[in-house]
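Residue numbers (our numbering): 1 to 148.
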């Protein structure tokens with residue numbers, strides 16, 4: 001099966017190199033960026049300005065290869081079978097040909113694949129994370145006869 005995705009725009013950010021970009025959008029609320037939308041998709045921006053947050057889906061075009069795939073689904077590594085990025089960002093402005101947003105972890109020139117409104121009410125409440133990831137929790141010591 002072949003899947004073909006067509007970018008709807010290009011994301012313009014202050015980050016030219018991966019080493020300069022924040023690791024996650026949630027850690028980058030001090031940075032803003034602009035997504036320039038290609039002409040065939042500009043009318044799709046209508047109504048988007050009524051949402052405070054949007055979900056951006058983009059292609060991680062400069063990951064430098066897939067890397068080791070072992071355990072990659074349990075990480076947020078960009079080195080994946082399908083290098084897609086997903087970020088919930090603060091929508092600051094919608095123009096007829098672009099959007100401006102806050103929460104930037106993308107590199108300049110990143111291809112934008114889709115924009116979706118973010119509805120917090122559609123995200124089920126998650127339990128609080130454990131104090132330590134499972135992988136770091138040591139198993140209990142074995143029981144010794146006569147001790148409880």
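Virtual Cβ for every residue (Gly too), placed ideally from N, Cα, C.
Range of the contiguous beta strand (DSSP E) that encloses residue i
i	result
residue 112	110-117
residue 47	Neither: residue 47 is in no beta strand (DSSP E) and is coded neither H nor E.
Close-in-space but distant-in-sequence residues of the same chain around residue i (CB under 7 Å, 5 per side omitted)
i	result
residue 8	37, 38, 41, 112, 113 and 114
residue 89	25, 53, 54, 56, 101, 102 and 103
residue 98	34, 35, 36 and 37
residue 118	51, 53, 54, 55 and 88
Counterpart residues of residue i in DSSP-defined beta bridges
i	result
residue 89	54
residue 12	34
residue 98	36
residue 149	In the structure as shown, the chain begins at 1 and stops at 148. Residue 149 is therefore absent and cannot be evaluated.
Integer Cβ distance of residue i from residue j, believed to fall under 8 Å
i	j	result
residue 86	residue 123	13 Å between Cβ atoms; not a contact.
residue 48	residue 94	5 Å
Cutoff 6 Å; reference residue i; Cβ partners in own chain excluding five residues on either side
i	result
residue 13	33, 104, 106 and 108
residue 31	104
DSSP state of residue i mapped onto helix, strand, coil
i	result
residue 36	strand
residue 60	coil
residue 105	coil
residue 17	coil
residue 122	helix
residue 43	helix
Chain-order list of residues whose beta-carbon lies under 8 Å from that of residue i (same chain, five-residue window excluded)
i	result
residue 16	107 and 108
Contact with chain C by residue i, beta-carbon distance below 7 Å
i	result
residue 44	Although the question refers to chain C, the structure presented lacks it and comprises just one protein chain.
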